[in-house]
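> Residue numbers (our numbering), protein chains in the order written: chain R, 1 to 245; chain F, 1001 to 1245.
Below is the structure I would like to discuss, written out as structure tokens.
2 protein chains.
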Amino acid sequence: MKKTSGRGQVKSVVDILGKRIAAAQYKEGEILPIEQQLADSLGVGRNALREAVKVLSGKGLIATAPRSGTRIRPRDEWNMLDPDVLSWHADPETATPEFLLALLEIRRIIEPRAAELAAVRATREDVATILAAYDDMQRYQEDPDRRVSADIELHTAILAASHNAYISHFRYAIATYLKAHSKIGQRSDREKLRKDLELHHDIAWSIARCKAKSAYSNSVRMLNHGRLRVEEAEHSLAEEAKRSA
Amino acid sequence: MKKTSGRGQVKSVVDILGKRIAAAQYKEGEILPIEQQLADSLGVGRNALREAVKVLSGKGLIATAPRSGTRIRPRDEWNMLDPDVLSWHADPETATPEFLLALLEIRRIIEPRAAELAAVRATREDVATILAAYDDMQRYQEDPDRRVSADIELHTAILAASHNAYISHFRYAIATYLKAHSKIGQRSDREKLRKDLELHHDIAWSIARCKAKSAYSNSVRMLNHGRLRVEEAEHSLAEEAKRSA
DNA sequence: GTGAAAAATAAATACGATCTATTATTATTT
DNA sequence: AAATAATAATAGATCGTATTTATTTTTCAC
């Protein structure tokens, strides 16, 4: 009968509360139960809970004040680009198509310009990483998980090759998008996947060949293709909702 | 001689450690002193320190492991777009011109497109906020602090009018840039400020008039003007360094 | 000697009890 | 009715102790 139940409790409390908040299970402005109660209800000590609360405060999701308690802050003050916050929003249970579209919109702003910069600034190592990732994508076409990983690797490598830390940071947003998309969006449509691979090939090689203009336009082409896929997915989700209603 | 020194300790420990880490006072891969020592040296209890450490972990700056201690994570894994992380990097003591240039680079990618979207999507309230901010900028031309605040307000309002939470989140990066720029960059050069105001006027009004194309190009013009100013500042910093060497 | 298993160890992780500081609310006074 | 003082609720912070985990050292068999 060990009372003290292992490790990683703070992390898990952060995730639980983070997901609840992202899913609006606690609404903006709402006040959480007092520390002791919340700790009890989560089966952890007050210290562990407090550490979790501090982490969430650091991400802008909540604010604490003595006597008044712990309050959910307005959504537009959250650190939306925080990797954890992104992943909580991507929870397949509660993620909305708007979420994917918002991410896609910013991808369409950042990625073509990142590709353009990468074509100019990539070192030989950068290029090697990019091409290796493309190879993996091709190799693992049949294995959804590994294909997505390689896809993420490729986009990450392109952003990194822009040699701008702020641009590079978008890898988390893109990774979140790609993971969510692969879960929510798509059963593997053979023809779409082939086309997608080809588009990735074109970007990778424009960068490898220092063609900034084509890197830009190939990135745009790729994201247009993605957009179509999201819109279809959204459409099919709507159909589903109609059916279940 | 109060041992228990008031409140807000966690916040202040987070800031102290955050700044040290951002300034590479602790280097990547380095291991921090053990909790008890570090807590003692900062004059706080171990719990307060632990809460601070958890916050910094949440922002990707450090990672903890039993037995091995608390280690500084590689820079490219930090949440660079976190408002706190941004502000720690903007510390005038240690901020580099590269920092400003990196931020300016991403501003040049995001803001014109945000302005374009704002021209299409802004509600009447959005437009009112944008124009009010512009008015303040004009009104407080002579008061550097208030002028910068109004400048930040204006850019924030434009991003908000894009109605995309991820784009809007950039307000922190822009605010950091503008604050740092006003501190580091510029004694107020009358002619530059007048030109700057004019450029802001043009953006605000293209958005108000739903002119997406001009909003885009006016945003580009404004940022080009900014770039010149950063490059001059960088140049003068280099001169200063030469003289002091 | 060498390699693998076992023990010691050092660090973070977690709990619980207790005290403090702050502040919203309530009660009191003017 | 308004200003002020008391109250109580809640987060903030500390201390001490036990647990867990991963590394290092030691032991022991081969």
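We put the beta carbon where it would ideally sit given N, CA and C, even for glycine.
Small disclaimer: the values here were computed from a predicted structure and weren't measured.
Gly-69 (chain R) lies in the beta strand (DSSP E); which residues open and close that run?
Counting along the chain, the beta strand (DSSP E) containing Gly-69 (chain R) begins and ends at 69–72.
> Check the Cβ of Asp-1076 (chain F) against every Cβ in chain R and list those closer than 8 Å, keeping chain order.
Per Cβ cutoff of 8 Å: Ala-160, Ala-165, Ser-168.
> Can you tell me the Cα-Cα spacing of Arg-146 (chain R) and Gln-1138 (chain F), whole angstroms?
Straight-line Cα distance between these residues: approximately 55 Å.
> DSSP puts Thr-1156 (chain F) in a beta bridge; with which residues?
According to DSSP, residue pairing for Thr-1156 (chain F) in a beta bridge does not occur.
> If distances are taken between C-alpha atoms only, which option among F:Glu-1191, F:Val-1013, F:Ile-1021 comes closest to Arg-1050 (chain F)?
F:Val-1013
> Who are Thr-1064 (chain F)'s beta bridge partners in DSSP?
F:Thr-1070
> When the Cα atoms are used, what is the spatial distance from Arg-1108 (chain F) to Ile-1130 (chain F)?
19 Å
> Contact criterion: CB-CB distance below 8 Å. Does Lys-1027 (chain F) meet it with respect to chain R?
no
> Closest Cβ-Cβ distance between Ile-1174 (chain F) and chain R: below 8 Å?
With 8 Å as the cut-off, Ile-1174 (chain F) does not count as an interface residue toward chain R.
> According to DSSP, is Ile-1167 (chain F) part of a helix, a strand, or is it coil?
helix
> Counting only beta-carbon atoms, is Leu-103 (chain R) nearer than 8 Å to chain F?
yes
> Give a yes or no on contact between the region 142–158 of chain R and the region 60–74 of chain R, applying the rule of three or more CB pairs nearer than 8 Å.
no
> I'd like to know if Ile-1203 (chain F) contacts chain R, where contact means its C-beta is closer than 8 Å to some C-beta of that chain.
no
> For Ile-1031 (chain F), write down the residues that DSSP places opposite it in a beta bridge.
F:Arg-1071
> Mark Asp-135 (chain R) as exposed unless 16 or more other C-beta atoms lie within 10 angstroms of its C-beta, in which case mark it buried.
exposed
> Is Asn-224 (chain R) helix, strand or coil when you go by DSSP?
Note: Asn-224 (chain R) maps to helix in three-state DSSP.
> Work out the CA separation of Glu-77 (chain R) and Val-53 (chain R) for me, nearest whole Å.
16 Å
> Mind listing the chain F neighbours of Gly-45 (chain R)? Cutoff is C-beta to C-beta under 7 Å, in chain order.
Residues of chain F passing the Cβ test: none, with the nearest at roughly 11 Å.
> Determine the extent of the alpha helix (DSSP H) in which Ala-1114 (chain F) is found, giving its start and end residues.
1097–1121
> Which residue's Cα is closest to the Cα of Ile-31 (chain R): R:Ser-149, R:Ala-48, R:Gln-9, R:Arg-73?
Just measuring C-alpha positions, the residue of R:Ser-149, R:Ala-48, R:Gln-9, R:Arg-73 sitting nearest Ile-31 (chain R) is R:Arg-73.
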